[in-house]
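Only one structure is covered here, and it is reproduced in the block below.
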Amino acid sequence: MNDTIHDRRTIDRIALVAALRAVLPADAVLDQPEQLRPYECDGLSAYRQLPLAVALPADTDQVAAVLAACREHGAPVVARGSGTSLSGGALPHPDGVVLSLAKLNRILAIDPINRTARVQPGVRNLAISEAARPFGLYYAPDPSSQIVCSIGGNVAENAGGVHCLKYGLTVHNILAVEMLTIDGERLELGGDAPDVPGYDLLALVIGSEGMLGVVTEITVKLLPLPSCARVLLGAFDSIPAAGDAVSRIIAAGITPGGLEMMDGPAIQAAEDFVQAGYPTSAAAILLCELDGTVEEVEAQIDEVRSLMQACGASEVRVAQDEKERAAFWSGRKNAFPAVGRISPDYYCMDGTIPRRHLARVLEGITALSEEYGLPVANVFHAGDGNLHPLILYDANRPGELERTEEFGGKILELCVEVGGTITGEHGVGVEKIDQMCVQFNAAEIDQFHAVKAALDPERLLNPGKAIPSSARCSELGGMHVHGGQLPFPDIERF
Numbered sequence: 006m007n008d009t010i011h012d013r014r015t016i017d018r019i020a021l022v023a024a025l026r027a028v029l030p031a032d033a034v035l036d037q038p039e040q041l042r043p044y045e046c047d048g049l050s051a052y053r054q055l056p057l058a059v060a061l062p063a064d065t066d067q068v069a070a071v072l073a074a075c076r077e078h079g080a081p082v083v084a085r086g087s088g089t090s091l092s093g094g095a096l097p098h099p100d101g102v103v104l105s106l107a108k109l110n111r112i113l114a115i116d117p118i119n120r121t122a123r124v125q126p127g128v129r130n131l132a133i134s135e136a137a138r139p140f141g142l143y144y145a146p147d148p149s150s151q152i153v154c155s156i157g158g159n160v161a162e163n164a165g166g167v168h169c170l171k172y173g174l175t176v177h178n179i180l181a182v183e184m185l186t187i188d189g190e191r192l193e194l195g196g197d198a199p200d201v202p203g204y205d206l207l208a209l210v211i212g213s214e215g216m217l218g219v220v221t222e223i224t225v226k227l228l229p230l231p232s233c234a235r236v237l238l239g240a241f242d243s244i245p246a247a248g249d250a251v252s253r254i255i256a257a258g259i260t261p262g263g264l265e266m267m268d269g270p271a272i273q274a275a276e277d278f279v280q281a282g283y284p285t286s287a288a289a290i291l292l293c294e295l296d297g298t299v300e301e302v303e304a305q306i307d308e309v310r311s312l313m314q315a316c317g318a319s320e321v322r323v324a325q326d327e328k329e330r331a332a333f334w335s336g337r338k339n340a341f342p343a344v345g346r347i348s349p350d351y352y353c354m355d356g357t358i359p360r361r362h363l364a365r366v367l368e369g370i371t372a373l374s375e376e377y378g379l380p381v382a383n384v385f386h387a388g389d390g391n392l393h394p395l396i397l398y399d400a401n402r403p404g405e406l407e408r409t410e411e412f413g414g415k416i417l418e419l420c421v422e423v424g425g426t427i428t429g430e431h432g433v434g435v436e437k438i439d440q441m442c443v444q445f446n447a448a449e450i451d452q453f454h455a456v457k458a459a460l461d462p463e464r465l466l467n468p469g470k471a472i473p474s475s476a477r478c479s480e481l482g483g484m485h486v487h488g489g490q491l492p493f494p495d496i497e498r499f
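Sequence positions in the sequence shown follow our numbering and run 6 to 499.
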């Protein structure tokens with residue numbers, strides 16, 4: 006099995022573009038450098054690479070035709086939604102085609118009785134809830150980028166959001182997908198029922214980062230809008246105290262709709278950006294949203310307030326109305342762009358750990374920050390242990406990006422060391438591909454390759470992403486890995 010990630014192919018670019026233009030309208034095939042430039046990277050803009058061409062199909066038949074043309078010419082295909090991935094999952098292949106699904110953006114049906122919606126992959130995450138709201142329903146997973154990220158991209162990365170503690174990740178909120186394989190076979194995985202017979206191939210596809218097929222239709226679960234939702238903001242003088250409060254709230258049998266933590270630098274950045282009303286003198290804040298019936302929420306507010314105070318909260322505030330509730334969440338959801346205002350560049354990590362190790366890992370990140378001389382702002386889904394340390398750096402300084410990558414690699418290894426994982430919702434992409442060798446052994450890596458080979462034997466779908474080569478893992482020999490092994494040697498670094 007040839008599983009090298011340095012996979013360069015000899016492609017007849019002129020013939021490939023002609024084949025694409027034979028099956029798509031003239032304006033749906035881009036091949037000039039200035040047209041390709043907007044597609045050179047995703048949200049991980051540190052890595053950039055121009056593809057040979059970009060195809061913009063408008064329906065499933067056109068998607069199938071593009072795949073057929075690429076298969077015939079042996080050209081790799083990278084499916085792309087809104088391009089908000091933070092791990093380089095939509096980074097183009099230098100010898101391939103970017104398959105943009107932006108035009109497949111229709112909500113096909115909403116079934117308020119069965120509480121489902123059928124949508125195309127280019128539909129924005131938030132647009133689903135907007136369309137379902139007149140029926141008293143909404144789609145629960147809400148990534149911070151939900152105003153722009155596509156549901157197809159959410160499926161590819163198994164995205165989460167601030168409400169994933171109670172309502173789950175994308176994988177818990179998808180009933181079915183329609184998918185095209187590279188051979189043009191149309192697969193229907195899952196179904197309208199809560200459970201279907203056979204292997205759970207639906208869960209296999211969700212989070213597979215476009216490496217197994219191209220999703221063309223998705224059936225999502227809708228939930229009733231809660232009759233009441235209130236947010237508590239707890240301010241703490243230390244991060245360990247806030248972490249202790251997280252554990253105490255969960256141990257009390259309370260499952261908040263959202264339970265988020267931000268540290269001092271993130272608090273200050275968010276407050277300067279959106280004026281959310283955060284206490285900027287706090288070392289950490291917790292945002293705890295409780296939803297349900299009015300009686301249930303009121304009772305839990307008192308209990309959570311008492312738990313926060315028992316853990317040393319210097320202040321506990323309850324949002325008094327929907328406007329203040331939205332303001333509290335606005336600060337958290339705008340934390341990433343807020344940090345972008347205070348640093349030339351930032352590198353967003355994504356690791357998941359057992360909640361009981363929260364304080365230990367955060368102390369480790371602080372020590373690494375001092376070691377590397379790079380500041381960190383921490384925002385994370387505290388309830389389910391999904392950390393998002395934002396390493397602040399300046400790519401214009403020689404060697405600083407490489408040092409930042411090394412720092413990030415050590416954070417991920419720390420997550421694995423305490424029993425966690427290298428990604429919670431951002432995917433592996435190109436960013437964490439070497440750290441896969443730390444989390445998984447050689448036999449497990451080989452099984453990942455075997456699954457891909459079953460559906461994509463020629464390795465044309467998003468090659469070089471997510472799964473390292475067996476040779477690469479053998480080369481690393483189980484040693485600690487710092488800094489990514491980029492999949493294409495001539496990739497641009499910024």
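Just so it is clear, CB atoms sit at the ideal spot from N, CA and C, and this is done for glycine as well.
Using C-beta distances below 6 Å, list every residue in its chain close to residue i, excluding the 5 sequence neighbours before and after it, in chain order.
{"i": "residue 196", "result": "181"}
{"i": "residue 193", "result": "183"}
{"i": "residue 76", "result": "187"}
{"i": "residue 39", "result": "none"}
{"i": "residue 33", "result": "61"}
Give the single residue among the options whose Cα lies nearest to the Cα of residue i.
{"i": "residue 190", "options": "435, 471 and 70", "result": "70"}
{"i": "residue 321", "options": "433, 307 and 133", "result": "307"}
{"i": "residue 220", "options": "66, 97 and 335", "result": "66"}
{"i": "residue 155", "options": "276, 54, 473 and 90", "result": "90"}
{"i": "residue 58", "options": "41, 68, 50 and 168", "result": "41"}
{"i": "residue 141", "options": "229, 422, 428 and 257", "result": "229"}
{"i": "residue 52", "options": "95, 17 and 120", "result": "95"}
{"i": "residue 427", "options": "434, 417 and 436", "result": "417"}
{"i": "residue 338", "options": "349, 278 and 462", "result": "278"}
{"i": "residue 287", "options": "295, 297, 274 and 298", "result": "274"}
{"i": "residue 432", "options": "350, 207 and 356", "result": "356"}
Please report how far the alpha carbon of residue i lies from the alpha carbon of residue j, in whole angstroms.
{"i": "residue 407", "j": "residue 225", "result": "40 Å"}
{"i": "residue 56", "j": "residue 344", "result": "30 Å"}
{"i": "residue 148", "j": "residue 47", "result": "16 Å"}
{"i": "residue 135", "j": "residue 14", "result": "44 Å"}
{"i": "residue 346", "j": "residue 396", "result": "13 Å"}
{"i": "residue 442", "j": "residue 475", "result": "9 Å"}
{"i": "residue 486", "j": "residue 325", "result": "Only weak support exists for where residue 486 lies, its pLDDT of 44 falling under 50; the value from the coordinates is given anyway. Rounded to whole angstroms, residue 486 to residue 325 spans 48 Å at the Cα level."}
{"i": "residue 23", "j": "residue 334", "result": "49 Å"}
{"i": "residue 126", "j": "residue 451", "result": "30 Å"}
{"i": "residue 7", "j": "residue 447", "result": "Residue placement at residue 7 is poorly supported in this model, since its pLDDT is 35, which falls under 50; the coordinates are not used for a value here."}
{"i": "residue 244", "j": "residue 364", "result": "7 Å"}
{"i": "residue 360", "j": "residue 64", "result": "44 Å"}
{"i": "residue 371", "j": "residue 393", "result": "14 Å"}
{"i": "residue 401", "j": "residue 93", "result": "20 Å"}
{"i": "residue 460", "j": "residue 185", "result": "10 Å"}
{"i": "residue 332", "j": "residue 341", "result": "16 Å"}
{"i": "residue 133", "j": "residue 153", "result": "12 Å"}
{"i": "residue 116", "j": "residue 227", "result": "9 Å"}
{"i": "residue 198", "j": "residue 222", "result": "17 Å"}
{"i": "residue 388", "j": "residue 177", "result": "17 Å"}
Please return the same chain residues whose Cβ sits closer than 7 Å to the Cβ of residue i, not counting the five positions on each side in sequence.
{"i": "residue 377", "result": "408 and 412"}
{"i": "residue 419", "result": "366 and 369"}
{"i": "residue 175", "result": "146, 159, 160, 163, 164 and 211"}
{"i": "residue 270", "result": "380 and 382"}
{"i": "residue 110", "result": "125, 127 and 128"}
{"i": "residue 386", "result": "165, 167, 169, 170 and 265"}
{"i": "residue 201", "result": "195"}
{"i": "residue 436", "result": "49, 92, 93 and 489"}
Verify the CB distance criterion: does residue i have a CB-CB separation below 9 Å to chain D?
{"i": "residue 325", "result": "Protein chains in the displayed structure number just one, and chain D is not present."}
Going along the chain, which residues of its own chain have a beta-carbon closer than 8 Å to the beta-carbon of residue i, five neighbours each way excluded?
{"i": "residue 290", "result": "238, 239, 240, 241, 247, 266, 267, 272, 283 and 284"}
What does residue i pair with, by DSSP beta-bridge criteria?
{"i": "residue 391", "result": "357 and 386"}
{"i": "residue 117", "result": "Residue 117 is not bridged to any residue."}
{"i": "residue 237", "result": "293 and 323"}
{"i": "residue 179", "result": "225"}
{"i": "residue 194", "result": "182"}
Exercise. Please determine if the segment 243 to 250 and the segment 458 to 473 are in contact, where contact requires at least 3 C-beta pairs separated by less than 8 Å.
Key: With the rule of 3 Cβ pairs closer than 8 Å, the segment 243 to 250 does not count as touching the segment 458 to 473.
Quiz item: Are the segment 282 to 289 and the segment 217 to 234 in contact at 8 Å, needing three or more beta carbon pairs?
Solution: Contact fails between the segment 282 to 289 and the segment 217 to 234, because fewer than three Cβ pairs, one in each stretch, are under 8 Å apart.
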